[in-house]
Amino acid sequence: MMEIQPIRMRKIDYCPFCGTKLPSSLKAEWQRRIAEAGYDPNDEDLPEDFLSDRWWKNNGL
Numbered sequence: 001m002m003e004i005q006p007i008r009m010r011k012i013d014y015c016p017f018c019g020t021k022l023p024s025s026l027k028a029e030w031q032r033r034i035a036e037a038g039y040d041p042n043d044e045d046l047p048e049d050f051l052s053d054r055w056w057k058n059n060g061l
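First residue of the sequence shown: 1, per UniProt numbering; consecutive thereafter.
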């Protein structure tokens, strides 16, 4: 469990409603592609595609 005061978060592997296994995280891939494009994840001028699900859907992930 990760604790960030005052929020507590727990990673889940299955949907709490239907029990289906959730897909793997794309966080590392998102960060890698942002770096390849010459950006930092905290940049305020990230292209719109990186701010929605378009970046992974358009790349077949």
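C-beta: ideal position from N, C-alpha, C; glycine also.
Going by DSSP, which residues form a beta bridge with Tyr14?
-> Looking at the DSSP output, Tyr14 sits in a beta bridge with Lys21.
State yes or no: is the C-beta of Asn42 within less than 8 Å of the C-beta of Asp49?
-> In this structure, Asp49 does not lie closer than 8 Å to Asn42 by Cβ.
List the whole-angstrom C-beta distance separating Leu26 from Leu51, where the pair is believed to meet the contact cut-off of C-beta under 8 Å.
-> The pair is not a contact, with the Cβ atoms about 14 Å apart (cut-off 8 Å).
May I ask which residues mark the beginning and end of the alpha helix (DSSP H) holding Glu36?
-> Counting along the chain, the alpha helix (DSSP H) containing Glu36 begins and ends at 27 to 36.
Contact under 8 Å by Cβ, Trp55 with Arg33 = Yes. Within cutoff.
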